[in-house]
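Take -6 as the starting number for the sequence shown in the working numbering and just add one per residue. Here a beta-carbon is modelled for each residue, glycine too, at the ideal position from N, C-alpha and C.
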Amino acid sequence: MEEIIKTLEKYNQNQIIEILHKVDETTKEKLINQLNKINFKEINDLYKNIHTANKVDIDKIKPIKSTNEDKLSKEELEKYKRLGEETVRNNKFAVVTMSGGQGTRLGFNGPKGTFKINVEPNPKYLFEIIVDTLTEANKKYAVTIPWYIMTSEENDTTIKEFMQSHNNFGYDGQYIKYFKQGKLPLIDEKGNLLIDENYNIRLASNGNGSIFESMRTKGILDDMESKGIEWVYIGSIDNVLLKMVDILLLGIAIEEKSPIATRSMFKNNPRERVGSICSYNGKIKVIEYSEFPEEIVDAVDENGELLYGESHIMCNLFNIEALKIVSTKKLPYHMAFKKYSYIDSNLNLVVPEEPNAYKFEYFIFDSFEYFNKISILRGKREEDFAPVKNATGVDSPETAIKLYNNYWRKMGKI
Ligand code: UTP
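Below, the structure is given as structure tokens:
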């Protein structure tokens, strides 16, 4: 106790000190155990920087080259697809689904993958849609693709039980591996850690960019290497048109000798709420719509096409060496200010009506800057991108269902 109090004093955690003095012995012991695992220096450094805004310098932004699928010749298409297909058929390809998110905007009480959407001909869970896509590719290429699922502390058990109760939607369990992403304490405006109603330190997932470190520390990279995996597709759980076994993207990355690749989508208006892929200070970067400088957001090239229209839609391909490199790097944290209830120093539960705490997150695309080359393949919205983000309106179940049905109708499957 004395030792932890000293650390807490050093880092101005007076609220917790008071709480520790008031709770019973069992709770005290539990809290001390948890406090011992906290990296106070890291939290303090984050706190010190919360007011340092990420200023984007216009002069450092340049457009980045991409390949437009529509402009590829028949020969090019065949060559790339052959290369990609060979890799898949030779069992050198794996898929990771990121499902550690909280899905706050959707407001569904459960992990997003367990959300059911009313597509034709039968409603499907988001996890089921992923499995269907993988299963179709497995049949086509006569393989079973190893599938890794990133969960979070909050949803790991629910996801595993859900998958088990649905018999993995027919996917061979031997080829599925789960791993948990990282987490970090939340802090309030004064830098205090928060204690939740069960007297635990309030932790939250630290963003999808924690995937790299987690893959290394949880033995996923080793597992992939032992299976001879050379290329890894990392995608989100909530895009119902996501085609993870993207042999075209894979073939282009191999041909262009790029360590990383992404299928992008062209913005339908300069201010669409997506991140723009560009070059920044000579490095590959995705700039969030909220941070993109207004002065150049409408800029067009000589053909009248948006200069910064290429957007990141969570379709990420990495070769295994690239994953190993980035798994040891420290990505920058991004910050969100959100509402979280907490126990105050008088042991009262406070449920705030306004945001009161900072959540820190790593973003997967911040890893791009560690590489000097990326293959970007511009896909098509109606074929590649139907995300379930919001409960209603844009990028909601309603829009995703429409896009899904239209696509599969066009494919003659419904
Ligand atoms: P989003 O950034 O859209 O987050 O995630 P979200 O959790 O789904 O939704 P909101 O923002 O809370 O409404 C994009 C992808 O990254 C995963 C999500 O599960 C989704 O597949 N993700 C996000 C993680 O795996 N971990 C995280 O910490 C955050």
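Quick one: is residue i buried, meaning 16 or more other Cβ sit within 10 Å of its Cβ, or exposed?
i           : result
residue 174 : buried
residue 309 : buried
residue 60  : buried
residue 157 : exposed
residue 51  : exposed
residue 404 : exposed
residue 34  : exposed
residue 90  : buried
residue 200 : buried
residue 260 : buried
residue 385 : exposed
residue 255 : buried
residue 85  : buried
residue 323 : exposed
Along the chain, where does the alpha helix (DSSP H) containing residue i start, and where does it finish?
i           : result
residue 145 : No alpha helix (DSSP H) contains residue 145, which DSSP labels as neither H nor E.
residue 371 : Per DSSP, residue 371 belongs to no alpha helix (DSSP H); it is in the beta strand (DSSP E), 367 to 371.
residue 400 : 390 to 403
residue 204 : 204 to 210
Only counting the same chain, and skipping five residues up and downstream in sequence, which positions put a Cβ closer than 6 angstroms to that of residue i?
i           : result
residue 209 : 320
residue 155 : 107
residue 455 : With the chain covering only -6 through 407, there is no way to say anything about residue 455.
residue 279 : 268, 270, 305, 358
residue 287 : none
Skipping 5 residues on each side, what residues in its chain have a beta carbon closer than 7 angstroms to that of residue i?
i           : result
residue 137 : 131, 165, 168
residue 331 : 348, 350, 352
residue 6   : 185, 186
residue 338 : 8, 11, 12
residue 115 : none
residue 111 : 394
Using a Cβ-Cβ cut-off of 8 angstroms (strictly less than) and excluding sequence neighbours within five positions of residue i, which residues of its own chain qualify?
i           : result
residue 16  : 24, 192, 340
residue 105 : 92, 94, 96, 99, 119, 230, 231, 381
residue 149 : 171, 173
residue 144 : 92, 93, 104, 152, 153, 171, 172, 173, 174
Which stretch, first to last residue, makes up the beta strand (DSSP E) that contains residue i?
i           : result
residue 162 : Unbroken run through residue 162: none, as it is neither H nor E.
residue 25  : Premise fails: residue 25 lies in the alpha helix (DSSP H), 18 to 28, not in any beta strand (DSSP E).
residue 351 : 350 to 354
residue 329 : 327 to 331
residue 379 : Run containing residue 379: none; DSSP gives neither H nor E here.
residue 39  : Not the beta strand (DSSP E): residue 39 falls in the alpha helix (DSSP H), residues 33 to 41.
Problem - contact_flag[the region 76 to 96, the region 235 to 243] where n(CB pairs < 8 angstroms) is 3 or more - result: Below 8 angstroms, enough C-beta pairs join the region 76 to 96 and the region 235 to 243 to call them touching: three or more.
Exercise for the section: Tell me the start and end of each unbroken beta strand (DSSP E) in the region 228 to 268 that is at least 3 residues and wholly inside, in chain order. Expected result: Whole beta strand (DSSP E) segments, 3+ residues: 253 to 259.
Handout entry: Length-filtered (3 minimum) beta strand (DSSP E) runs lying within the region 287 to 319
Key = List check, beta strand (DSSP E) in window: 303 to 312.
Practice task
Taking only runs that begin and end inside the region 80 to 128, name each unbroken beta strand (DSSP E) of 3 or more residues, in chain order.
Solution key: As far as the region 80 to 128 is concerned, its whole beta strand (DSSP E) runs of at least 3 residues are 86 to 91.
Practice task
For the region 177 to 189 and the region 339 to 355, state whether three or more C-beta atom pairs, one from each stretch, are separated by less than 8 angstroms.
Solution key: The region 177 to 189 is in contact with the region 339 to 355.
Practice task
Count the C-beta pairs between the region 364 to 372 and the region 57 to 74 that are closer than 8 angstroms, then say yes if the count reaches three, no if not.
Solution key: Enough Cβ pairs lie closer than 8 angstroms, so yes.
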